[in-house]
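J.:
There are 2 protein chains.
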Amino acid sequence: MANKSVDCGGMETRMTPQRLRSTSTWLLGQATTHAHRLVTDALGAVGARRYHYSLMAALEEFGPASQADLGRRGGLDRSDVVATVNELADRGFVERRPDPADRRRNIVNITPSGEAHLRHLDQVLGQAQDALLAPLSAAEREELARMLNAVLKHHG
Amino acid sequence: MANKSVDCGGMETRMTPQRLRSTSTWLLGQATTHAHRLVTDALGAVGARRYHYSLMAALEEFGPASQADLGRRGGLDRSDVVATVNELADRGFVERRPDPADRRRNIVNITPSGEAHLRHLDQVLGQAQDALLAPLSAAEREELARMLNAVLKHHG
DNA sequence: ACCGACTTGTTGGCCATACCAACGATTACC
DNA sequence: GGTAATCGTTGGTATGGCCAACAAGTCGGT
Numbered sequence: 008m009a010n011k012s013v014d015c016g017g018m019e020t021r022m023t024p025q026r027l028r029s030t031s032t033w034l035l036g037q038a039t040t041h042a043h044r045l046v047t048d049a050l051g052a053v054g055a056r057r058y059h060y061s062l063m064a065a066l067e068e069f070g071p072a073s074q075a076d077l078g079r080r081g082g083l084d085r086s087d088v089v090a091t092v093n094e095l096a097d098r099g100f101v102e103r104r105p106d107p108a109d110r111r112r113n114i115v116n117i118t119p120s121g122e123a124h125l126r127h128l129d130q131v132l133g134q135a136q137d138a139l140l141a142p143l144s145a146a147e148r149e150e151l152a153r154m155l156n157a158v159l160k161h162h163g
Numbered sequence: 008m009a010n011k012s013v014d015c016g017g018m019e020t021r022m023t024p025q026r027l028r029s030t031s032t033w034l035l036g037q038a039t040t041h042a043h044r045l046v047t048d049a050l051g052a053v054g055a056r057r058y059h060y061s062l063m064a065a066l067e068e069f070g071p072a073s074q075a076d077l078g079r080r081g082g083l084d085r086s087d088v089v090a091t092v093n094e095l096a097d098r099g100f101v102e103r104r105p106d107p108a109d110r111r112r113n114i115v116n117i118t119p120s121g122e123a124h125l126r127h128l129d130q131v132l133g134q135a136q137d138a139l140l141a142p143l144s145a146a147e148r149e150e151l152a153r154m155l156n157a158v159l160k161h162h163g
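Residue numbers (the working numbering), protein chains in the order written: chain A, 8 to 163; chain B, 8 to 163.
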């Protein structure tokens, strides 16, 4: 508890403690906070939310599915899938109908309008991402994605 | 039988859509979710929370400070600082006393017991972090931290 | 010395995210 | 056939990050 040039007049000094700046979990959290704000704002500007994208991405890539499957694929809770499908169906981006082969299930599928919307969200999201990762080169972004994927795979 | 009504071509279920797996913001969010759970659980096991660490880290590195300054240094809201200082003071990890030179302020300082606790949290957090980043080499972890710091600096 | 503008601590509340619990209806398993 | 599991759905909870307002105090200009 010796070194305390409490107000190092230099602007050089970061005001965040070293302990935090060298803690990956803290860095991840901070970066994610920025990312969330950027993405949420960008999506909000076109009336969408993050869950919308996850769900429609799964639909467009794997085709129609039950809500439970959708939840598993996007990492959403079943209950959150309900609300998300409600919102998307209200806007005509997906359709929900009972599965005749299994009357417990609903079959959800994406509409043409939904696909167009998804592609729009791709661009909106792309811009937000560019803003977030501005200081990183393309190679670095790839490396970052690679590492994060490795972490997720390990914990999946 | 009839399996999943919709199983596009035999590829073994890659649960997560490509769109998400190549979206840095989504990857960040997922990784952070895991990190938060690991860290919150680990800290909770010793009766601490994330804010405790941020605040005590700032205190130990920069010395006594007002609550407003603490908030600025750790990126906490003033109102959250109040609650955090309350909890830490109840446990004897920090002391809060009025600043005689500016009667609006409180001066918060860390106690020896608090410093010991902080060092304990260092270890607890270190373990959680190792668990999170298990699949990454030391060099990769450094690279990750470097990139995230670059992003934060750019958005600071 | 005074008045307005700002800061500080504090309380209270908001909103979104991520979960969890339970339920009726249905299907699968043995 | 009977038990266990699954599905959609409704509710609720816990947390995190934030914002608004306020009284007490300080500061800047005049």
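C-beta atoms are modelled at their ideal positions from N, C-alpha and C, and glycine is treated no differently.
The alpha helix (DSSP H) that contains Pro-105 of chain A, what's its start and end?
T.: Looking at the DSSP string, Pro-105 of chain A is not in any alpha helix (DSSP H); the run it does join, the beta strand (DSSP E), is 101-105.
J.: By how many angstroms is the C-alpha of Gly-36 of chain A removed from the C-alpha of Ser-31 of chain B?
T.: In a straight line, the C-alpha of Ser-31 of chain B is about 14 Å away from that of Gly-36 of chain A.
J.: Check whether the Cβ atoms of Thr-91 of chain B and Leu-50 of chain B lie closer than 8 Å to each other.
T.: Contact: no.
J.: Should the stretch 132-147 of chain A be called in touch with the stretch 86-104 of chain A, which here means at least 3 C-beta pairs below 8 Å?
T.: No, the stretch 132-147 of chain A does not touch the stretch 86-104 of chain A.
J.: Helix, strand or coil for Ala-157 of chain B, going by three-state DSSP, please let me know.
T.: The answer is helix: DSSP assigns Ala-157 of chain B an H, G or I state.
J.: Nearest-angstrom Cα distance between Leu-151 of chain B and Leu-66 of chain B?
T.: Taking the straight line from one Cα to the other gives about 26 Å.
J.: Could you please give the first and the last residue of the uninterrupted alpha helix (DSSP H) stretch that includes Val-131 of chain B?
T.: It spans 119-139 - the alpha helix (DSSP H) in which Val-131 of chain B sits, taken as one unbroken run.
J.: According to DSSP, is Val-92 of chain B helix, strand or coil?
T.: Looking at Val-92 of chain B - three-state DSSP - the assignment turns out to be helix.
J.: Mind checking Ala-64 of chain A: buried by the 16 CB within 10 Å criterion, or exposed?
T.: By the 10 Å Cβ count, Ala-64 of chain A comes out buried.
J.: Roughly how many whole angstroms lie between the Cα atoms of Ala-72 of chain B and His-59 of chain A?
T.: Rounded to whole angstroms, Ala-72 of chain B to His-59 of chain A spans 44 Å at the Cα level.
J.: Can you tell me whether DSSP reads Gly-163 of chain B as helix, strand or coil?
T.: Looking at Gly-163 of chain B - three-state DSSP - the assignment turns out to be coil, as it is neither helix nor strand.
J.: Using the beta-carbon of each residue, which ones in chain A are nearer than 9 Å to Gly-36 of chain B?
T.: Going along chain A in sequence order, the residues near Gly-36 of chain B (Cβ under 9 Å) are Thr-39, Ala-42, His-43, Val-46 and Arg-57.
J.: Less than 8 Å between CB atoms is the rule here; does Val-115 of chain B satisfy it with respect to chain A?
T.: So no, Val-115 of chain B is outside the interface.
J.: Consider the Cβ of Val-158 of chain A: report whether some Cβ of chain B lies at a distance smaller than 8 Å.
T.: Yes, Val-158 of chain A counts as interfacial toward chain B.
J.: Residue range of the alpha helix (DSSP H) that Ser-29 of chain B falls in?
T.: Neither: Ser-29 of chain B is in no alpha helix (DSSP H) and is coded neither H nor E.
J.: Suppose contacts are defined by Cβ-Cβ distances below 8 Å. Is Val-88 of chain B in contact with Arg-103 of chain B by that definition?
T.: Not a contact, by the Cβ cut-off of 8 Å.
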